[in-house]
Structures are given as structure tokens and as C-alpha cells.
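Enquirer: Residue numbers (the working numbering), protein chains in the order written: chain A, 66 to 367; chain B, 21 to 329.
Here it is: the structure, laid out below.
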Amino acid sequence: MPVARNQSRTVSAAAFLAPFMLLFIAFLLAPLIYAFYTSLFINRFGQPIFVGFRNYVNAFQDTAFWSSVVNVIRYAVLQGVIMIALSLILALVLDTKYARWKPFFRLVYFLPYAVPGVFASIMWGFLYSKPLDPFLQAMHFDPLSASALLYSIINIATWEWAGYNMTLYAASLTGISTDLYEAAIVDGCNEFQLAWYIKLPLLRPTILMTVILSFIGSMQLFNEPFLLSALTPISQTFTPNMDIYAMAFNLTNLPYAATLAVLLGAITIFISACVMVIARIIGRRSRERGASVIPSEEALTL
Amino acid sequence: MSSSFSPQTARDSRARQASSAPSSFVRHLVAVVVMAFLIVAAIYFLIPVVWLLIASTKTQVELQSSGIFSLPRHLELVQNIHLLFAYNSGVFARWFLNSIVYSGSVAILTCLVSAMAGYALAKFEFRGREVLFYIILASMMIPGTVATIPLFVIEQPLHLVNTYLGVILPLIASPFGVYFLRIYIRDVVPNEMLEAAKVDGAQERTIFWRIVLPVIRPAMVTLLLISFIGTWNNFFLPLVLLHNQSLYPLPVGVDVLLSLIATPAADQSMPIYQLVITASLLSILPMIIGFILFRKQIVTGLTQGSVKL
């Protein structure tokens, strides 16, 4: 715990904090406050006019924006479920005694983390392109068509982030005491039961965290569709962030872009908070019912 | 725990295990299925990168006429690289250099600024310390792009739009960095060491440089790598803040190249596909090599930072 608490110590603390706090306030807090402030104005002939919450009233009737929000939520849920299931399966399978060459597989699965999203989109975009891919031509399937696009983007994002999440799960698994495993094996657990009844419940906090982080990231979906729009026509309101970007820079309507950005941030934080509260309630209820499948250490000790 | 086993229970459990153990045939079958699954997954994660490697060795004509994974008759990689560096009087080299400047300076400054703030939050007592720490923690939950568009407006009067500093400064303010180093310094730097230095009359500045920084070096390396990768991969922030091609980092520059594909010039005068493919390869190669070399440090940081969240 802290060493001393006199006047000069406080001054030193302030000096050490100053560079970060200045940058934090200037480039993170100020833009957030400014986004809200500017959303209360409209631009008329270059003159800002205060209109209160009129931009928000307009935004609530903006069907293009809300359909982009619905679209991105659908994407976030589908992508989240697929990716987290894949990451979990990879982490759990790699953790069994049947898996060999573990360091090699861990490295390969995690590799896309080092590949920028822009280049992941370009590589998959070209693999999706019919002129370059005779296989797709033969299959009569176009991943870049309007109906398949969402799923093609889900694939890109899953490719990019599954290994990252797997790495987090793998790290949590190595933190689990091996005594617990030995005891379970002595009790006749096979590898599948070990994964299902012991490892999975122990991973719960990590899973919840990755669900939230992945949801926040997914709601900001921009790079992949923005890049792919060079290869196939994609609506500027495909995702809220594309809508906001176009509003700010193509239509130069900054106050309205800020309004939509504030709304998107609020929706994202609201849903994340709901997920956390629900997870906590479910966790408490299953513990109260004694339905928790993790046996206590004592119960396992013979 | 295993040491507390009595011989009796050990024998019991061995007998139970033997009775419920699957036959060796089943066990072999499971092992084969598991390995097949792991190999298929590995192929999935490698396919785009392998394709990129192969495609970068083909000419544009060959790319469109041969199968996507068929090997080229003649390696064209060197010619493709020449084409890329000749494009628009070598603007690609500029983008590459810019990416190094952005990522390098953000990584170094983030480490320094975060270490200072982390040290203050870990080892000094002052009013509002916990509140401040929770504000920093909470700001990690805010979607990053929400602040980016207003950032553009705020940077205009400061003359930071379209400058190197305009991209570097916002990225230095890393709540994750402060959070990560605060935890590390609190757990790893011994108070006795700081006390002893104080008794010897060392100044705060000296203590920070001579004692704190050397002790937290492993965490600094991790943060350096993570923020280097994060900046190298960042697309949205430089896209919004820069509109001068010669200041672009690689992702934004290559996006400009890609957007030429839809234009009529693409097929006739310029091998756009080859330029984009070769540029992509050269952009991700240093990251992949660095990643393989430093994987351990990166993993430690990511998992320490997130597991405790």
C-alpha cells in the first residue's frame, strides 16, 4: 500500500498523472462531451442553431438508421454465437489428452490476430470474388450477393477473432488447478464429461467477458463492409457506423452524425449492461438452487 | 491432494477406471477425429494467407485465368514488388514508413505515459484515486468510433487534422495501458524498495526511472507489442483524420488502391489486383513474423489484462 502521504507526494502523483490525464481529457472525454453538445444544434448556412433534442426526435423516425441498427444487432448475435462456440470448441479440444502438436495449433489459430482487419477483408473479399474463383463459378454461389453478404462478413470476423478468444479461454484453463482434473478422472470422468461439467462452468466469467467485448466490437462494424464495397455494391446504411461516416463526410452533416453516434454508443452500452445483469441473475439463481455442476474441492477430496 | 491418497482408495479408483475405460480402438478413433478436426481448423485459418502468398507470385493475367490455389508457372513476386514500388512514384514506401512512424511512436509513448499514470495510481495515495481509476476503467467500455467523428471536429481548431501528431496523440491515451500497468506495478514493485530509495534521498523522478521502469520491463514489452499491433491495424481513426495520401498508413493507403478496382482504368492500364495483393502481403508479413517471434509476451499481456477485468 502507499508509502507516504504528505504534500510533496500529492504533487508528484499529479505530475506523474498529468500527461495521461491531459491526453485522456483532450482526445477521449472532450470528444464524447462535444458529440453530445453538437447533437443539440443544426447547421444552417454554416451557422449552428440550437434546436434542443430535435435531432434525436428526427433520429427516432430515421428508418434507415434503425434498420442498420437491427442489421448490426443481428450480425453481432450471429457472429458472436458462431465465433464463441468455435473458440470454445478449439480451446477445449486442444486441452484434451488426444490433441498433439498443441503449440503449433495454438499459434496457427491465433495468427489472424496479427492480420489487420483491412487485409483480412481484402483476402477474403478476393476469395469471394467470382472472377478470381472458378470454384465459386462452378458452384453458382456468390458470397458477395446481397443475401449472402452478412454471412460472408460473419466469416471474416470469425476468422479474425476466433483465435484471440480461444487464447483467452486457453489461458483461463491453464489457471485451473490440476488437482480438480485428477479428482474428476479418479471419479471416472471421461474427457468429454471433464470438458462439459468442469472446464466449461469454470470458464464462465471469461466467456461472459468475451461476449461483452465481442458485442461492443461487433456493434461498431465498419472496416469489413467498407472494404468489400469496393468489390460489390453495399448500401451506405448497411451498418450504423457506415451511416454515421457517410453522414459526416459525404453529406457533411456533423450534428446529425454526432446524434447517431451518441445513440449507437447508448444502445451498445445499454445492451451490454443488460447482458451483464442477466448473466449475474442467472449465475446467482443456479448457485442458489445448488445446480452448480462444479463440485467443491472438499467434495472431491476422498 | 494426490499425496493424501490412502493405498486403499488408490486401488479402488484404479479398478473403477479400468472398468469404465474405453477400449483402445475407441480411444484411437477419438484421437484420429480430434486430430482431423484440429487440422481442418488449421487449414481454415491458414487458407487466406496461403492464397495471398500464391497470388502474389502470379501475373494479373494468370491470376484471373488459373485456379486460385494453382501454383504459377513462373514466380512473379519480384516483378510485382517492383510494380508496387513504382506505382504513383513510390507512395507505397511512404505508407509503409508512415505505419512504422505511427505504430512506433504510439507504442513507445503509450508505454511511457501509461507507466507514469499506472505508477501514480498504484503507489501514491490521494483523494479521488479510486474514482479516477474506475472512470478510466469504464471508458474502456465506450465504443471507440463514437468519439472518432467528434475528434475530427476538435482537432480542427488545434490544427491537428491531417498531421502525424493528430493520429498519434489520441492513440497514446490508452485506458487499457494504464489499467494493465497499474495492476502490474501494484503487484510487482515492492514498497520496501521505494521506501529504501526515499530514505537514501532519491528524487521521485529518479525512483521512477531507476527502480520502477527496470522492474516492470516485462509488462512494458508486452504493452509495447500490443499497442504497436493495435496501431498498425487501426483503420478508422486515420481514415477519418487524414486526407492527404502521403500521410496515410498502410491500411488506409491500400484501401485507396482497392477502391480503384471498380474504376475502368483497373483492367487496361494498371494491374490493380496485383498491386493490392502484393501490398497486402508486404503489409501483413512484418506483423506475422513479429507475432511468431513475440507470441509469448503478447499472450501474457492479453490474458493478464482481460482475465482480471
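Think of the CB as a built atom: it goes at the ideal place given N, C-alpha and C, for glycine as much as any other residue.
Would you please state the rounded distance, in angstroms, between the beta carbons of B/Ser-76 and B/Ile-297? I believe it to be under 8 Å.
Expert: 5 Å
Enquirer: Taking any Cβ of chain B, which residues in the segment 330-345 of chain A have a Cβ under 8 Å from it, in chain order?
Expert: Gly-330, Thr-333, Ile-334 and Ser-337
Enquirer: In three-state terms, what does DSSP make of A/Pro-181?
Expert: coil
Enquirer: Please state whether DSSP places B/Arg-149 in a helix, a strand or coil.
Expert: helix
Enquirer: For A/Ser-237, which of A/Met-274, A/Trp-226 and A/Glu-225 has the nearest alpha-carbon?
Expert: Per the Cα distances, A/Met-274.
Enquirer: Determine the closest residue to A/Phe-101 out of A/Gly-282, A/Leu-278, A/Leu-296 and A/Val-116, with distance taken between C-alpha atoms.
Expert: A/Val-116
Enquirer: Pull up the distance between the alpha-carbon of B/Leu-262 and that of B/Ile-188, whole angstroms please.
Expert: About 12 Å.
Enquirer: For A/Gln-112, name the three-state secondary structure that DSSP assigns.
Expert: strand
Enquirer: Closest to B/Leu-270 by C-alpha separation, out of B/Ser-247, B/Val-166, B/Leu-301 and B/Val-241, would be which residue?
Expert: The shortest Cα separation from B/Leu-270 among B/Ser-247, B/Val-166, B/Leu-301 and B/Val-241 belongs to B/Leu-301.
Enquirer: Select from the segment 252-283 of chain B all residues with a C-beta closer than 7 Å to any C-beta belonging to chain A, and list them in chain order.
Expert: Trp-252, Asn-253, Phe-255, Phe-256, Pro-271, Val-274, Asp-275, Leu-278, Ser-279, Ile-281 and Ala-282
Enquirer: Along the chain, which unbroken stretches of the alpha helix (DSSP H) at least 4 residues long are found entirely within the segment 71-134 of chain A?
Expert: 72-89, 95-103 and 119-125
Enquirer: So which residues on chain B does A/Thr-304 lean against when the C-beta distance must stay under 9 Å?
Expert: Within chain B, no residue comes near A/Thr-304; the closest Cβ sits about 10 Å away, beyond 9 Å.
Enquirer: Use the C-beta contact count for B/Ile-156: other C-beta atoms within 10 angstroms, 16 or more gives buried, fewer gives exposed.
Expert: By the 10 Å Cβ count, B/Ile-156 comes out buried.
Enquirer: Express the C-alpha separation of A/Val-276 and A/Gly-145 in angstroms, rounding to a whole number.
Expert: 7 Å
Enquirer: Looking only at its own chain, which residues have a Cβ that is under 6 Å from the Cβ of A/Met-231, when we skip the five neighbours before and after it?
Expert: Ser-152, Leu-155, Ala-156 and Tyr-174
Enquirer: By how many angstroms is the C-alpha of B/Phe-89 removed from the C-alpha of A/Leu-214?
Expert: 23 Å
Enquirer: So with CB distances below 9 Å, who are the chain A contacts of B/Trp-229?
Expert: Going along chain A, no residue has its Cβ under 9 Å from B/Trp-229, so there is no contact; the nearest lies around 12 Å.
Enquirer: Looking at the C-beta of A/Asn-288, does it have a partner C-beta in chain B at a distance below 8 Å?
Expert: yes
Enquirer: Using 8 Å as the threshold, is the C-beta distance between B/Ile-169 and A/Ala-323 below it?
Expert: Yes, they are a contact pair.
Enquirer: How long is the line joining the alpha carbons of A/Ala-344 and A/Ser-351, rounded to whole angstroms?
Expert: 11 Å
Enquirer: What number of angstroms, rounded off, separates the C-alpha of B/Leu-267 from the C-alpha of B/Trp-252?
Expert: Whole-angstrom Cα-Cα distance: 14 Å.
Enquirer: Using 8 Å as the limit for Cβ to Cβ distance, is A/Gln-285 near chain B?
Expert: yes
Enquirer: Taking the alpha carbon of A/Thr-333 as the reference point, which residue from B/Phe-314, B/Met-290 and B/Pro-163 has its own alpha carbon closest?
Expert: B/Pro-163
Enquirer: Which of helix, strand or coil does DSSP assign to A/Asn-306?
Expert: helix
Enquirer: Just verifying my parser: in three-state terms, what is the DSSP assignment at A/Asn-315?
Expert: coil
Enquirer: Which residues of chain A have a Cβ atom closer than 8 Å to the Cβ of B/Tyr-384, listed in chain order?
Expert: Since the first residue of chain B shown is 21 and the last is 329, residue 384 of chain B is not available in this structure.
Enquirer: Is there a Cβ from chain A that is less than 8 Å from the Cβ of B/Pro-170?
Expert: yes
Enquirer: Would you mind giving the Cβ-Cβ distance between B/Val-198 and B/Ser-134, rounded to the nearest angstrom? I have them listed as a contact below 8 Å.
Expert: Contact annotation, B/Val-198 with B/Ser-134: C-beta distance approximately 5 Å; criterion of less than 8 Å satisfied.
Enquirer: In the DSSP assignment, find the alpha helix (DSSP H) that holds B/Asp-275 and state where it starts and stops.
Expert: 270-279
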